[in-house]
């Protein structure tokens with residue numbers, strides 16, 4: 088465990104907490120893409136199946152359980168408890184366009200043709216694009232609440248820090264995983280445009296509003 | 510063939 092990895096995980100955790108807290112405190116999930124949240128739920132479920140099969144560390148297991156629980160809680164709040172506030176008219180991204188290619192790619196490019204490995208690979212591919220419905224929703228409405236922006240920023244920072252972690256691990260441990268790295272680069276690049284808007288607008292106290 | 514890599518990342 089290096090500092091980039093630890094900060095990345097903390098940032099990831101922070102993003103999830105920011106989102107849950109926002110929904111809970113405002114009693115509303117307006118502006119949040121339920122589809123992205125469903126995709127993240129699927130990502131965690133398919134990736135963390137190894138909770139049952141292999142033990143790595145207490146940290147690892149606890150974080151996995153927390154991510155799973157927080158993800159399911161978010162989905163529950165959006166689709167059950169605060170369903171009335173869910174902005175589904177603006178959440179129109181077709182998720183099959185992400186899920187189907189992720190399945191196909193996982194079957195074609197993987198480290199080992201075994202169920203758990205393919206599910207892990209699928210989760211890596213899907214995670215890299217799972218935020219697209221949310222970004223699409225922001226672009227459709229042309230704006231995002233500051234708190235939603237903070238959530239997206241923390242989520243983007245998480246993958247950015249993981250990139251630094253992989254560079255460090257390659258250099259220090261001779262360890263690298265090309266599937267994770269390529270997908271991680273794609274994922275981070277998707278956030279770049281948002282990072283720019285976040286830094287130039289949200290951090291200066293303005294609302295994130297896209298130019299008309 | 511290389512052994513499966515242990516997935517120690519989240």
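Residue numbers (the numbering used here), protein chains in the order written: chain D, 88 to 299; chain F, 510 to 519.
Every residue, glycine too, gets a C-beta built ideally from N, C-alpha and C.
Cutoff 8 Å: residue 147 of chain D Cβ touching any chain F Cβ: Closer than 8 Å: yes.
Tell whether a beta-carbon distance below 8 Å holds between residue 122 of chain D and residue 178 of chain D. Yes, the pair counts as a contact, with Cβ atoms nearer than the cut-off.
Out of D:210, D:89, D:101, state which residue places its alpha-carbon closest to the alpha-carbon of residue 127 of chain D. Distance check between residue 127 of chain D and each of D:210, D:89, D:101 places D:210 closest, using alpha-carbon atoms only.
Within the region 149-188 of chain D, note down every full alpha helix (DSSP H) run reaching 4 residues or more, in order along the chain. Complete alpha helix (DSSP H) runs here, min 4: none at all.
Three CB pairs or more closer than 8 Å across the region 238-247 of chain D and the region 261-278 of chain D: The count of Cβ pairs closer than 8 Å, one atom from the region 238-247 of chain D and one from the region 261-278 of chain D, reaches three, so the stretches are in contact.
Run of the alpha helix (DSSP H) containing residue 263 of chain D, from where it starts to where it stops: Where residue 263 of chain D is concerned, there is no enclosing alpha helix (DSSP H), because DSSP gives it neither an H nor an E.
Under the three-state DSSP convention, the category residue 231 of chain D falls into: DSSP places residue 231 of chain D in strand when its eight states are reduced to three.
Mind checking residue 144 of chain D: buried by the 16 CB within 10 Å criterion, or exposed? Label assigned to residue 144 of chain D: exposed.
CA-CA distance, residue 262 of chain D and residue 97 of chain D? In this model, residue 262 of chain D and residue 97 of chain D are separated by some 22 Å (Cα to Cα).
Return the Cβ separation of residue 113 of chain D and residue 221 of chain D in integer angstroms, given the expectation that the two are a contact with Cβ distance under 8 Å. Their Cβ separation, rounded to whole angstroms, is 17 Å, which puts residue 113 of chain D and residue 221 of chain D out of contact at 8 Å.
Is residue 143 of chain D close to chain F, meaning its C-beta is less than 8 Å from at least one C-beta of that chain? At least one chain F Cβ lies under 8 Å of residue 143 of chain D.
Top-ranked residue by Cα proximity to residue 162 of chain D, from D:111, D:271, D:232: Among D:111, D:271, D:232, the Cα nearest to that of residue 162 of chain D belongs to D:111.
When you compare the region 146-166 of chain D with the region 94-109 of chain D, are there three or more beta-carbon pairs, one atom per stretch, that lie closer than 8 Å? With the cut-off at 8 Å, the region 146-166 of chain D and the region 94-109 of chain D touch.
Residue range of the alpha helix (DSSP H) that includes residue 94 of chain D: Segment 90-113, the alpha helix (DSSP H) holding residue 94 of chain D.
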